[in-house]
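Numbering-wise, full-length UniProt numbering puts 120 at position 120 of the sequence shown, and it's gapless, one number per residue.
All C-beta atoms, glycine included, are put in the ideal place defined by N, C-alpha and C.
Comments concern the structure below.
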Amino acid sequence: MHLFKKFSHHKSGTRVPAPQTSQEHKEDHAASNEDGDGAEANTDKESEDGPKRFIHLPNELQMAILQYLSYDDIAKIRRTCKLLNTLCSYLLNRGFQQLGVDIDREKLRIKRELPRRESMRRSHRLSRLNDAYAGLDTRFSIMAMTYRKFIDMKVTCFIPGKVLDEFFRIIDILKKSHDKGGTLAIDIHELLKDLRDLSSMAMEHFEEHVQPSLSTTTSGSLTSAYFMSVHPLLRPSIQTPSSSRDVDSCEWRKNVMDKLAQQDKIIRKQSAEIISLKSCIRQLVLVCTQLTSPVSQKGVDEILEGVLDSMSMDGATVSITLQNYCEDKTVLTLK
Numbered sequence: 001m002h003l004f005k006k007f008s009h010h011k012s013g014t015r016v017p018a019p020q021t022s023q024e025h026k027e028d029h030a031a032s033n034e035d036g037d038g039a040e041a042n043t044d045k046e047s048e049d050g051p052k053r054f055i056h057l058p059n060e061l062q063m064a065i066l067q068y069l070s071y072d073d074i075a076k077i078r079r080t081c082k083l084l085n086t087l088c089s090y091l092l093n094r095g096f097q098q099l100g101v102d103i104d105r106e107k108l109r110i111k112r113e114l115p116r117r118e119s120m121r122r123s124h125r126l127s128r129l130n131d132a133y134a135g136l137d138t139r140f141s142i143m144a145m146t147y148r149k150f151i152d153m154k155v156t157c158f159i160p161g162k163v164l165d166e167f168f169r170i171i172d173i174l175k176k177s178h179d180k181g182g183t184l185a186i187d188i189h190e191l192l193k194d195l196r197d198l199s200s201m202a203m204e205h206f207e208e209h210v211q212p213s214l215s216t217t218t219s220g221s222l223t224s225a226y227f228m229s230v231h232p233l234l235r236p237s238i239q240t241p242s243s244s245r246d247v248d249s250c251e252w253r254k255n256v257m258d259k260l261a262q263q264d265k266i267i268r269k270q271s272a273e274i275i276s277l278k279s280c281i282r283q284l285v286l287v288c289t290q291l292t293s294p295v296s297q298k299g300v301d302e303i304l305e306g307v308l309d310s311m312s313m314d315g316a317t318v319s320i321t322l323q324n325y326c327e328d329k330t331v332l333t334l335k
């Protein structure tokens, strides 16, 4: 067969390739395999050099990319996956803490430039800026009383990112006004109108829909442990002086908020007792005006002393005492 091919090629003027031996066939097969392996290696190298996904990026790049987004966008993409939930929750909580630090710092800077006398403060050029920062601090304290407890227990994060954007937008306006001389041309009520509406709606939604589903016994260490495993560089084992000061400031603010909450409960309780005592005193005054005889006046003095001695009792006991007194007064009047 090979001779026939050689003869045909000889007539046509072409050279017939010599038949390959088994050794030459093996060498060609090995060379083709090497070429295939090289192509696969080049493909793998090209895939490694190609675009990477966000979840494959280093931790520092992930945080740097997310910081270019607004807090509203961060709050929205938090529901994408577990990794983004952890990263975005950390950024939202850090933004909420940074907001308190910024408000305190700007208030202190304004206070240093204001005169100490109250009458001179009202006519000072920075008085409106001071009132605006006071309104921001009040709104921030109210939101902290709503969210701080659950954030510290690590059962949730600061959810309304749009509120943070509005806070920082107003602070930026106030900073620019202070740099231009301290004259605030915008009405404070109009400036804080959107912030009051957004924060009120956020707190109402949290108390009605989110808070009932949160369990105080939920293990919050899962999110924290997962975050520390994903971001080992952000572990609080080594703190810089600036970060330690921020932590101390947050701890101090938390203690102040707890004391304010306890004081608010005491004030509400005392207000209820005062209202009850006022009602009792009105009844006593009414009874005293109706009694005119000397005998009855003596009885009134005795009962008044008894009521004053029982002022330390609760409102219900005082009401019972007055009811008994009114019955005694009716008997004396009939006599």
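With distances taken Cα to Cα, identify the nearest neighbour of residue i among the options.
i      : options                           : result
Arg128 : Ile188, Ser70 and Ile74           : Ile188
Leu192 : Leu174, Met203, Glu204 and Gly182 : Leu174
Arg124 : Lys259, Leu195, Gln263 and Thr183 : Note that residue 124 is His in the sequence shown here, rather than Arg. Considering only alpha carbons, the answer is Thr183.
Phe168 : Phe96, Lys154 and Leu108          : Phe96
Pro160 : Leu260, Leu195 and Arg268         : Leu195
Lys107 : Pro51, His178, Ala64 and Cys81    : His178
Val101 : Trp252, Ile275 and Lys269         : Trp252
Using 8 Å as the threshold, is the C-beta distance between residue i and residue j below it?
i           : j      : result
Ile103      : Leu126 : no
Arg105      : Lys254 : no
Leu99       : Phe150 : no
residue 352 : Gln62  : One cannot answer for residue 352 here, as it falls past the ends of the chain, which runs 1 to 335.
Ser199      : Met257 : no
Lys66       : Ile74  : Checking the sequence, you will find Leu at residue 66 rather than Lys. Against a cut-off of 8 Å, the Cβ pair of Ile74 and Leu66 comes out as a contact.
Ser165      : Ser89  : Just to set this straight, residue 165 is Asp in the shown sequence, not Ser. The answer is no: Cβ separation not under 8 Å.
Lys176      : Asp72  : no
Within its chain, find whatever has a CB closer than 8 Å to the CB of residue i; leave out the 5 residues flanking it on each side and keep chain order.
i           : result
Arg121      : Leu114, Pro115, Ser127 and Asn130
Glu207      : Thr146
Thr217      : Its pLDDT being 42, under 50, Thr217 is placed unreliably in this model, and the value from its coordinates should be taken loosely. The answer is none, since no qualifying residue turns up.
Arg79       : Asn85
Val210      : Thr156 and Ile159
Ser141      : Met257 and Leu260
Ile77       : Leu69, Leu84 and Cys88
residue 424 : There is simply no residue 424 to check, as the chain begins at 1 and stops at 335 in what is shown.
Asp152      : Lys254
Leaving out five residues before and five after residue i in sequence, what residues of the same chain have Cβ atoms less than 7 Å from its Cβ?
i           : result
Pro236      : Model confidence at Pro236 stands at a pLDDT of 40, short of 50, so the residue's coordinates are unreliable; what they give is reported in the following sentence. Here the set comprises nothing.
Val285      : none
residue 336 : As displayed, the chain neither begins before 1 nor continues past 335, which places residue 336 out of reach and without an answer.
In or out: residue i buried (at least 16 other Cβ within 10 Å) or exposed?
i      : result
Arg53  : exposed
Gly181 : exposed
Glu60  : exposed
Arg139 : buried
Ala261 : exposed
Ala132 : buried
His205 : exposed
Val287 : buried
Ile266 : exposed
Ile170 : buried
Ala185 : exposed
Ala64  : exposed
Val331 : Per-residue confidence for Val331 stands at a pLDDT of 44, beneath the threshold of 50, marking its modelled position as unreliable; the derived number appears in the next sentence. Val331 should be labelled exposed.
Arg112 : exposed
Ala202 : buried
Take residue i and list the residues in its own chain whose beta-carbon comes closer than 6 Å to its own, dropping the five residues that flank it on each side.
i      : result
Leu136 : Ile103
Arg282 : none
Query - Segments of 4+ residues assigned as alpha helix (DSSP H) that fall wholly inside the UniProt domain "F-box" (51-99) - result: 59-66 and 71-77
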